[in-house]
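Trainee: Add 47 to the 1-based position in the sequence shown for our numbering, that's all there is to it.
Backbone N, C-alpha and C define an ideal beta-carbon position, used for all residues, glycine too.
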Amino acid sequence: MSTDNPTQPAPQAAGVRLAAGAAEVTVQPDNGCRIGSLRVGGTELLRQGDHYGCFPMVPWCGRIEDGRFRNGGELHQMPVDAAPHAIHGTGRNLRWRTARSSATQAVFTYDLADPAAPWPYPGQVTQIVELAEDGGSLTLTMGVEATADSFPAQAGWHPWFRRNLGEGGEDAQLDFAPEWQEERGADHLPTGRRIMPKPGPWDDCFGMPRGVDVTLTWPGRLELRVASRAEWVVIYDEQEAAVCVEPQSGPPNGLNTVPCLVTPIDPLEISTTWSWRSLSPGTA
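1. Using the rule of at least 16 other Cβ atoms within 10 Å of the residue's Cβ for burial, across every protein chain shown, is Leu236 buried or exposed?
2. So, helix, strand or coil for Trp323, using DSSP?
3. So who's on the other strand from Tyr99, going by DSSP bridges?
4. Taking just the CA atoms, how far does Ile282 sit from Thr54?
5. Bridge partners of Ile134, per DSSP?
6. Is the CB-CB distance between Trp204 and Leu178 below 9 Å?
7. DSSP beta-bridge partners for Asn118?
8. Please classify Ala146: is it buried, with 16 or more other beta-carbons within 10 angstroms of its beta-carbon, or exposed?
9. On the DSSP bridge assignment, give the partners of Gln171 in chain order.
10. Could you name the residues of the same chain whose beta carbon sits closer than 6 Å to that of Ala193, not counting the 5 residues immediately before and after it, in chain order?
11. Assign Pro248 to one of three DSSP states: helix, strand, or coil.
12. Does DSSP put Arg94 in a helix, in a strand, or in coil?
13. CB Asn303 to CB Phe198, shorter than 9 Å?
14. By Cβ distance below 6 Å, which residues in the same chain neighbour Phe253 in space, the five residues on each side in sequence not counted?
15. Going along the chain, which residues of its own chain have a beta-carbon closer than 6 Å to the beta-carbon of Ala195, five neighbours each way excluded?
16. Within 10 angstroms of the Cβ of Arg94, are there 16 or more other Cβ atoms? Answer buried if so, exposed if not.
17. Just checking my contact of Cys108 with Gly301 at CB under 8 Å: how many whole Å lie between their CB atoms?
18. Between the C-alpha atoms of Glu121 and Arg110, what's the straight-line distance to the nearest angstrom?
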């Protein structure tokens with residue numbers, strides 16, 4: 048679940064550019080390793096700005112209740128940056144290291160023990176950004192590894208897709224078929240009850256146990272599909288400028304309610320693929 052009041056990210060650098068076919072991607076490792084730009088056929092698909100694009104949510108997704116989580120008998124306090132909760136992890140506020148890059152693929156990492164990241168357990172996060180050779184899809188993969196003690200973690204992505212692509216076109220239309228919606232309490236956290244999906248607008252988490260499968264259609268312009276083997280997706284479409292489709296490894300507050308334990312021999316891995324096709328007449 049989302050907020051438009053994130054903490055201040057690291058200063059933005061020029062970024063790492065990938066290109067294939069009619070697609071161009073720019074990754075900003077110095078600004079939380081977010082996808083700063085995705086252009087298809089010259090059209091920008093992501094909302095622009097230091098806080099937007101598409102950022103990785105790691106080592107948790109959405110809100111943690113009161114910024115606190117337990118690991119066994121240990122209680123940890125994360126910085127409260129969406130009062131009274133902590134939101135969207137620490138990775139989006141850090142400088143990541145570019146491990147390697149080519150024309151269509153780049154690999155980035157950061158240490159969970161980075162002094163700028165108040166996470167109590169050592170480990171490493173890796174993000175792989177890969178543009179298909181034909182320029183028809185983008186695959187994002189993230190891994191969270193423990194190098195000492197085990198700990199609960201989550202990972203996912205928070206893309207800000209432009210609601211309207213301009214040039215007099217229609218707003219994006221959203222299509223998906225979740226099996227349930229997590230009931231949202233007044234504190235913006237899931238109550239633990241699963242309910243039948245309600246009509247939008249949403250700032251809500253949905254269950255898709257067969258895998259995330261959401262389509263955004265800009266009529267007459269472009270169709271974009273967000274797919275992932277992950278079972279959870281948050282949809283945030285309460286802003287006029289953007290629609291967010293957020294595949295993630297667990298629901299908001301999941302460190303407390305559905306913990307996924309990362310161990311030195313069992314990392315957390317998650318992937319999502321965005322694929323697109325033009326709907327413009329005369330365009331392949």
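Mentor: Reading off the structure:
1. buried
2. strand
3. Partner(s): none; Tyr99 has no beta bridge.
4. Below a pLDDT of 50, predicted positions are generally treated as unreliable, and Thr54, at 37, falls in that range; the measurement from the model is reported next regardless. Distance between the alpha carbons of Thr54 and Ile282: 21 Å.
5. Arg110
6. no
7. Glu121
8. By the 16-neighbour rule on beta-carbons within 10 angstroms, Ala146 is exposed.
9. Asp158 and Glu192
10. Gly170, Val309, Thr310 and Pro311
11. coil
12. coil
13. no
14. Pro225, Gln228 and Val280
15. Pro169
16. Burial of Arg94 is indicated by the presence of at least 16 other C-beta atoms within 10 angstroms of its C-beta.
17. 7 Å
18. 19 Å
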